Structure formats: structure tokens, C-alpha cells
Amino acid sequence: MKIIDIIKSKKPVLGFEIFPPKQNTPIETIYNSLEKFKALNPDYISVTYGAGGSTKRNTIDVASKIKSEYGIESMAHFTCVCHQEEEIDNLLEIMSEEGLENILALRGDPPRDKPDYDFTGCAYRYASDLVRHIHSKNKFCIAAAAYTEGHVESARILDDIKHLKIKVDHGVDFLITQLFFDNRLYFDFVERISDHGISCPVMPGIMPVFAADQIKTMCLRSGCSIPAKLVLLMDKYSGNPDDMLKAGIEYAAEQISELIENGAPGIHLYTMNRPVSTRKILRAANLLS
Ligand code: FAD
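Everything in the sequence shown is counted per the working numbering, starting at 5 for the first residue and increasing by one.
Right under this line is the structure:
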């Protein structure tokens with residue numbers, strides 16, 4: 005089923021994001037977690053694509069298993085980085101043959117060993133070019149990334165919104181935001197992009213604070229801000245990972261409850277492949293029956 009049809013028919017929609025095992029790790033390691041995620045009744049599970057396409061077959065294999073063996077709708081992330089058109093078309097063909105109907109179309113980040121990567125060598129320079137190509141196949145529901153604080157490379161937030169409008173107009177069905185820790189950023193963003201003619205659903209991406217250092221690294225890379233309230237929590241529990249984890253679970257649950265109460269279509273939860281903590285968050289947010 006296309007995820008946009010789920011979004012149109014129920015509220016709140018619960019989406020989980022997982023990452024496939026690294027290249028030298030057996031793919032089976034993810035399946036134990038999937039059994040546990042299934043018990044939480046997600047509406048869909050999305051599977052990330054390693055930087056530079058490093059997990060491309062794993063991404064499709066895991067997304068395919070989620071759908072065929074676990075009976076959960078899945079979405080494969082897909083990036084432009086390092087891909088030529090023929091390769092992209094082959095992967096789209098495989099997805100189609102495997103019955104995969106949902107794609108998160110991204111530009112991607114440069115491969116880790118090539119921080120100055122030149123995107124002009126790829127078939128598609130921006131995610132909007134990839135969206136247009138996938139949309140032309142007329143087969144897939146297409147999601148794309150959105151940035152409540154502007155993408156880190158954009159000189160101005162307004163520039164990013166103008167680029168987002170181009171991307172959506174090329175065939176995006178719904179958007180998923182990058183992590184944010186202050187819900188006002190999400191509410192203002194939805195209103196702001198609506199003023200610029202973007203009216204598709206925007207799923208808020210929630211990243212729980214499972215470990216303070218990990219969040220700091222992510223925020224450094226992505227340019228996301230950390231509100232003072234969260235900085236204080238991180239300081240309070242520095243040196244006490246168990247209490248940080250508990251506080252992080254509570255923080256995420258509060259964010260989720262407030263977003264849903266105030267009209268968000270659902271939640272896209274960055275689970276970090278942690279079903280036990282994910283369960284605790286959903287329970288605290290009253291999203292588990
Ligand atoms: P784009 O939409 O192409 O934007 C990239 C930059 O280019 C922005 O600054 C934008 O303003 C600018 N831009 C866009 N169009 C134009 C134009 N026409 N002219 C000039 N500038 C323009 N990465 C992975 O590698 N694998 C994943 O699985 C993955 N999953 C993600 C899931 C979510 C929900 C999110 C939010 C991000 C994910 N990412 C993933 C990260 C993403 O690949 C990076 O944030 C990347 O830097 C930008 O991707 P994009 O699709 O937003 O790019």
C-alpha cells in the first residue's frame with residue numbers, strides 16, 4: 005500500500021526508521037529486532053540507505069522482507085550519490101518486482117571518505133531531480149526530506165524552502181522532517197511552507213536522545229539546534245547513561261504527544277534499531293494499546 009494512502013485514511017500514522025546491518029554484519033541481525041518492532045504495530049517501517057549507496061542491496065532486501073514476511077508496509081530510502089541513471093533504473097525495477105511501493109528520495113550525503121564529494125558526477129544533482137525521475141515511472145509513492153531549520157548547506161532558510169517547493173512540485177507525496185527538539189520549529193515550518201504553496205503532509209521526524217554524545221555529533225553534522233531545556237538535561241545526566249536514557253525517552257514522548265495533539269499527521273520515529281526503548285517511548289506517549 006502507498007503510505008500516502010495510509011496518511012489520508014488514519015491518524016496518527018506511526019512510522020519507524022531503521023538502518024540495515026553494516027556491510028560486514030550478517031543481514032539476519034536485523035530480523036530479531038523486526039519481530040519486536042512488529043509487536044508495536046507500526047504503519048510503516050523505512051530502511052535507510054548507507055552514505056554513498058554503501059548498503060543499497062541490503063536496503064532493498066530488508067525493505068522487501070519487512071513487507072513480505074512481517075506484513076508491514078515498508079519504504080526504501082534511496083539517494084542520488086554515486087549513481088548513474090542506468091543503475092538507478094535497475095534498482096527501481098528490482099523494487100517494483102519486489103512489490104515495494106514507497107521510496108524516500110534523497111540527495112544523500114557525501115561518502116564518509118570523500119567529504120568534498122562532487123555531486124556533478126552523479127546522474128542527479130539534487131533530490132528534486134531524482135524525484136522527477138522516479139515520478140515519471142508512475143509507480144511509487146514518493147517521500148522527501150524537509151528541514152525545519154533549513155538544510156545545513158543552505159545560506160538562507162528561505163532558499164531551502166524555495167528548493168523544497170521545486171522538489172515537491174516534481175512529484176513528492178509527503179515530507180519527513182529532519183530531527184528537531186523544539187516542536188515550535190515544526191509548527192512554524194508547516195505554516196511557513198504552506199505560505200509558499202507546499203501543502204502535502206509533513207511527518208515530524210523524532211530522534212530520541214538515547215545518548216547525549218550521539219545527539220551532539222548528529223546536531224553538529226546536521227546543523228540542528230539543541231534547546232536549553234535539553235542542554236540542561238544532558239548536563240544533569242552526563243556520566244549517568246541510564247538516567248539520560250530515561251530522560252531522553254520522556255522527552256521524546258512529550259514531543260510526540262504535543263505534536264499529535266496539535267495536528268501532526270503522525271510520527272516518523274528514528275528508532276536507531278532499538279525496539280525496547282521505542283516501546284517505552286510509545287507507551288509513555290499513549291500510543292500503545
Ligand atoms: P536536496 O533536497 O537535494 O537538498 C540538498 C541541498 O541542496 C539543500 O541545501 C537544498 O536547499 C539545496 N538545493 C536543492 N535544490 C537546489 C537547486 N535547484 N539549486 C540550488 N540548491 C538546491 N542520507 C543518506 O545518505 N541515507 C539515508 O537513508 C538518509 N535518510 C534520511 C531520512 C530523512 C527523514 C532525512 C530528513 C534525511 C535523510 N538523509 C539520508 C540525509 C540526507 O541525504 C541529507 O540531509 C542530504 O544532505 C540532503 O538530502 P536532500 O534529499 O534533502 O537533498
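Ideal placement from N, C-alpha and C gives every residue a C-beta, glycine not left out. Keep in mind the model is a prediction, meaning the values are calculated, not measured.
The beta strand (DSSP E) spanning Asn106 covers which residue range? Asn106 to Leu110
In or out: Ala43 buried (at least 16 other Cβ within 10 Å) or exposed? exposed
Residue interval of the alpha helix (DSSP H) (run including Ala216): Ala216 to Ser226
In angstroms, rounded to a whole number, what distance separates the CA positions of Met238 and Glu21? 24 angstroms
So which of Ser242, Asp186, Gly75 and Asn266 has the shortest CA-CA distance to Ser229? Asp186
Among residues of its own chain, excluding the 5 on either side of Lys6, which ones have a beta-carbon nearer than 7 angstroms to its beta-carbon? Glu105, Asn106 and Cys145
Over what stretch of residues does the beta strand (DSSP E) that includes Thr181 continue unbroken? Phe178 to Thr181
Sub-8 angstroms separation of Asn277 and Phe82 beta-carbons: no
According to the Cβ coordinates, are Ala131 and Leu179 closer than 8 angstroms? no
For the ligand FAD, I want to know if Gly209 counts as a neighbour, meaning its beta carbon is within less than 7 angstroms of at least one of the ligand's heavy atoms. yes
Using alpha carbons as the reference points, say which of Glu39, Lys26, Pro30 and Phe41 lies closest to Tyr53. Lys26
Are Ile138 and Leu96 touching if we call contact CB-CB under 8 angstroms? yes
Taking C-beta to C-beta, are Ala215 and Ser242 nearer than 8 angstroms? no
Say yes only if the C-beta of Gly112 is nearer than 7 angstroms to one or more non-hydrogen atoms of the ligand FAD, and no if none qualify. yes
Glu90: which of Val235, Leu110, His155 and Leu134 sits nearest, CA to CA? Leu134
Through-space distance from Asn244 to Lys166, alpha-carbon basis: 43 angstroms
With a threshold of 7 angstroms, establish whether the CB of His155 neighbours any heavy atom of the ligand FAD. yes
Using beta-carbon positions only, say whether Val213 and Leu234 come within less than 8 angstroms of one another. yes
For Ala232, three-class secondary structure by DSSP: helix
Do you know offhand how far Gly19's Cα is from Gly125's? 33 angstroms
Please classify Glu77 as buried or exposed, where buried requires at least 16 other C-beta atoms within 10 Å of its C-beta. buried
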